[in-house]
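Residue 347 in the working numbering sits at position 347 of the sequence shown, and the numbers go up by one each step.
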Amino acid sequence: MENDARPGGYRWYVLGLFTIVYAFNFIDRQIVTILAPYLKADLGLTDAQIGLLFGTAFALFYALFGLPLARLADGWHRVRTLSIGLGLWSAMTAVSGTAGNFGQLALARVGVGIGEASASPSAFSILQDYFPKAQRATALAVYSSGIYLGAGASLMIGGHVVATWDRLFPASTAPFGLVGWQAAYMAVGLPGLLLALLVVTTVREPVRGAIDGHPHPGDPHPFRAAFRELGTLFPPFSILTLRRLGARPAAIRTNLLMLAAIVFIAIVIVWITDGLLAPAKRAAIFRIGDTAITTNMVQWTAIAIGAYAVVSWIQSVRLRDPTTAALMIGSPSFVAVALAGGLLSFGSYGLSAFIYLYGTTYLGMQPADGFTIGAIAAVAGGLGTMLGGVIADAARRRHPAGRLYVAASAAAVSGVLTIVQYMVVDLTTFYILNFAATLCLTMWLGPTFATGQDHVLPRMRGTATAVQFLGINLIGLGLGPYWIGLVSDITGSLRVAIMTAVVPIPIVIALFLFAARRLPAAEARVANLAAATR
Numbered sequence: 001m002e003n004d005a006r007p008g009g010y011r012w013y014v015l016g017l018f019t020i021v022y023a024f025n026f027i028d029r030q031i032v033t034i035l036a037p038y039l040k041a042d043l044g045l046t047d048a049q050i051g052l053l054f055g056t057a058f059a060l061f062y063a064l065f066g067l068p069l070a071r072l073a074d075g076w077h078r079v080r081t082l083s084i085g086l087g088l089w090s091a092m093t094a095v096s097g098t099a100g101n102f103g104q105l106a107l108a109r110v111g112v113g114i115g116e117a118s119a120s121p122s123a124f125s126i127l128q129d130y131f132p133k134a135q136r137a138t139a140l141a142v143y144s145s146g147i148y149l150g151a152g153a154s155l156m157i158g159g160h161v162v163a164t165w166d167r168l169f170p171a172s173t174a175p176f177g178l179v180g181w182q183a184a185y186m187a188v189g190l191p192g193l194l195l196a197l198l199v200v201t202t203v204r205e206p207v208r209g210a211i212d213g214h215p216h217p218g219d220p221h222p223f224r225a226a227f228r229e230l231g232t233l234f235p236p237f238s239i240l241t242l243r244r245l246g247a248r249p250a251a252i253r254t255n256l257l258m259l260a261a262i263v264f265i266a267i268v269i270v271w272i273t274d275g276l277l278a279p280a281k282r283a284a285i286f287r288i289g290d291t292a293i294t295t296n297m298v299q300w301t302a303i304a305i306g307a308y309a310v311v312s313w314i315q316s317v318r319l320r321d322p323t324t325a326a327l328m329i330g331s332p333s334f335v336a337v338a339l340a341g342g343l344l345s346f347g348s349y350g351l352s353a354f355i356y357l358y359g360t361t362y363l364g365m366q367p368a369d370g371f372t373i374g375a376i377a378a379v380a381g382g383l384g385t386m387l388g389g390v391i392a393d394a395a396r397r398r399h400p401a402g403r404l405y406v407a408a409s410a411a412a413v414s415g416v417l418t419i420v421q422y423m424v425v426d427l428t429t430f431y432i433l434n435f436a437a438t439l440c441l442t443m444w445l446g447p448t449f450a451t452g453q454d455h456v457l458p459r460m461r462g463t464a465t466a467v468q469f470l471g472i473n474l475i476g477l478g479l480g481p482y483w484i485g486l487v488s489d490i491t492g493s494l495r496v497a498i499m500t501a502v503v504p505i506p507i508v509i510a511l512f513l514f515a516a517r518r519l520p521a522a523e524a525r526v527a528n529l530a531a532a533t534r
């Protein structure tokens, strides 16, 4: 490996390419938004099932596999990790176009989630070794703009493909019998295979930590470490891992008691939520013997698996890497920032999953309007993300916690704008407010991720990214879209459901302010540890 963390155009090429990769990441995961009405019509899905496809089926595996794949990125060749993952999720997106029922589509979404879990831990870690600390919020903001470029492109491309395909190929005349939404999945999935080849052939692997004066060679056994990380998440391997790490019997009992408590809570939530739905909205999606498996059972089982995996992983990391545990799990400011990101994502993912369906229901949107809302997502989201990074870096030069004050302010303004947006009945006004709300909401990404990276040593950057994404995906993507779909099915009003998306924002602001007060001490702790390990 060679150190390419030097001034010049190459690092900006890497940043630009990774931003495109991240855009493909979001094109493939968010195309469900524009396809939702067609999936409901062709496959007979409920709003909650749309939320499950958009969120939980993807988010659980994205979040959990992010931990072992982040460990792989921290120890192995990060460029290869990223390109292999890109190839996998692109292939599984294309496979989604062959699905003929909810179960097949859900399994394909699981594959997309596993593949995409490799992207940001690898990319974040590489970018930290190309850009100096003073520019990292800007670099990560540019990279994160791929979220909104991709989300916007998914709406524009998906809507155009569906409309064009259905116009050119009426029923029973389409090649291979594909309908428009199936063609859209293939149109956005297959190009990613070529992009994976471009990444692996043109991006050079930099030396970890060299730009900060703390070079680290990686893990001599990265795959063993990654599989051990995976083993910490699921029983009985989680119990065996704790024993191997020398856990005391009390820790084993705690793990089993937490497992029992999580299972009990999940059963209660399934019973409550199934009881709130009309029979038609909780019909079985499949059966195991005489047991009908409802959408709520799948959703809350998945969340229970995620919750147990987090508990078990925290126990294991405290035993095998106390320094990592202390700098992340043991840092109140890091935990607060991670939780704030998850709660903000609860609203943003929930809204993005249903914005087109909301528009067709209340504002008379047509497939061509997918281009408009896609363009707004791409321009406002990309601009807001980049502005947030630049403003946050400037704010940090004036105050150590300046980045977090920028994130808190952006969250507050976006919440007000969102409430007003979903109260109007005029489509043009809706678009204007959507642009402003998206611009403000997206400003939190760069400052939050840069702050997370400032909490850890270079060897932990991929893991720190995965932990932040754990909150974003389990809380945000895993709960946000499903919650809105569930409330819509219960109340019969998607508008009422969408208004619940802004409820967490006051908590988010409090978490950012809490973290801001504790950030200087956390950064001093990192500096002292780095000096001690030289």
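Think of the CB as a built atom: it goes at the ideal place given N, C-alpha and C, for glycine as much as any other residue. Just so we're clear, the structure is a prediction, and the values are computed from it rather than from any experiment.
Residue i, buried or exposed, once every other Cβ within 10 Å from all chains shown has been counted against 16
{"i": "residue 223", "result": "exposed"}
{"i": "residue 426", "result": "exposed"}
{"i": "residue 346", "result": "buried"}
{"i": "residue 507", "result": "exposed"}
{"i": "residue 201", "result": "exposed"}
{"i": "residue 489", "result": "buried"}
{"i": "residue 484", "result": "buried"}
{"i": "residue 131", "result": "buried"}
{"i": "residue 504", "result": "buried"}
{"i": "residue 455", "result": "buried"}
{"i": "residue 524", "result": "exposed"}
{"i": "residue 423", "result": "exposed"}
{"i": "residue 4", "result": "Residue confidence is low: residue 4 scores 44 on pLDDT, short of 50, so the model does not pin down where it sits. No coordinate-derived value is stated."}
{"i": "residue 528", "result": "exposed"}
{"i": "residue 7", "result": "Legend: pLDDT at residue 7 = 47, less than 50; position of this residue unreliable, no value from coordinates given."}
{"i": "residue 176", "result": "exposed"}
Contact set for residue i: own chain, Cβ-Cβ below 6 Å, skip 5 residues either direction
{"i": "residue 95", "result": "108"}
{"i": "residue 351", "result": "501"}
{"i": "residue 122", "result": "73, 78, 81, 82"}
{"i": "residue 522", "result": "331, 333, 455"}
{"i": "residue 127", "result": "139"}
{"i": "residue 156", "result": "371, 374"}
{"i": "residue 380", "result": "435, 438, 439"}
{"i": "residue 281", "result": "46, 489"}
{"i": "residue 512", "result": "340, 404, 407, 408"}
{"i": "residue 258", "result": "311"}
Nearest residue (CA-CA) to residue i, options the options
{"i": "residue 244", "options": "339, 319, 521", "result": "319"}
{"i": "residue 93", "options": "512, 186, 474", "result": "186"}
{"i": "residue 494", "options": "353, 97, 266", "result": "353"}
{"i": "residue 434", "options": "148, 444, 421, 155", "result": "421"}
{"i": "residue 191", "options": "27, 391, 409, 261", "result": "27"}
{"i": "residue 416", "options": "88, 298, 227, 499", "result": "499"}
{"i": "residue 414", "options": "423, 483, 442, 430", "result": "442"}
{"i": "residue 303", "options": "23, 52, 456, 15", "result": "52"}
{"i": "residue 100", "options": "332, 40, 419", "result": "40"}
{"i": "residue 162", "options": "369, 430, 478, 237", "result": "369"}
{"i": "residue 229", "options": "180, 467, 342", "result": "467"}
{"i": "residue 208", "options": "473, 125, 275", "result": "125"}
{"i": "residue 115", "options": "24, 44, 48", "result": "24"}
{"i": "residue 117", "options": "129, 445, 160, 63", "result": "63"}
{"i": "residue 355", "options": "88, 47, 176", "result": "47"}
{"i": "residue 465", "options": "361, 337, 530", "result": "337"}
{"i": "residue 199", "options": "13, 513, 529, 57", "result": "13"}
{"i": "residue 278", "options": "531, 308, 487", "result": "487"}
{"i": "residue 531", "options": "66, 16, 111, 457", "result": "457"}
{"i": "residue 342", "options": "288, 29, 59", "result": "59"}
{"i": "residue 459", "options": "75, 398, 275", "result": "75"}
Beta-bridge pairing of residue i - partner residues as DSSP gives them
{"i": "residue 291", "result": "288"}
Presumed contact (8 Å Cβ cut-off) between residue i and residue j, rounded CB distance
{"i": "residue 205", "j": "residue 71", "result": "Actually they are not in contact, since the Cβ atoms of residue 205 and residue 71 sit about 17 Å apart, beyond 8 Å."}
{"i": "residue 553", "j": "residue 389", "result": "Since the first and last residues shown for the chain are 1 and 534, residue 553 lies out of range."}
{"i": "residue 146", "j": "residue 33", "result": "In fact, because the Cβ distance is near 16 Å, the residues do not count as touching under 8 Å."}
{"i": "residue 73", "j": "residue 462", "result": "4 Å"}
{"i": "residue 141", "j": "residue 378", "result": "Wrong, their Cβ atoms sit about 15 Å apart, outside the cutoff."}
{"i": "residue 179", "j": "residue 42", "result": "6 Å"}
{"i": "residue 349", "j": "residue 452", "result": "At roughly 19 Å, the Cβ-Cβ gap does not stay under 8 Å, so residue 349 and residue 452 are not in contact."}
{"i": "residue 181", "j": "residue 38", "result": "4 Å"}
{"i": "residue 297", "j": "residue 270", "result": "5 Å"}
Cut-off 8 Å between Cβ atoms - residues of its own chain near residue i, not counting five sequence neighbours on either side
{"i": "residue 509", "result": "408, 411, 412"}
{"i": "residue 401", "result": "515, 516, 517, 519, 520"}
{"i": "residue 105", "result": "39, 43, 53, 96, 99"}
Residues near residue i in its chain [Cβ-Cβ closer than 7 Å; skip 5 each side]
{"i": "residue 251", "result": "242, 315"}
{"i": "residue 237", "result": "231"}
{"i": "residue 430", "result": "363, 421, 424"}
Cβ of residue i within 8 Å of any chain C Cβ
{"i": "residue 283", "result": "Among the chains of the structure shown, chain C does not appear; only one protein chain is present."}
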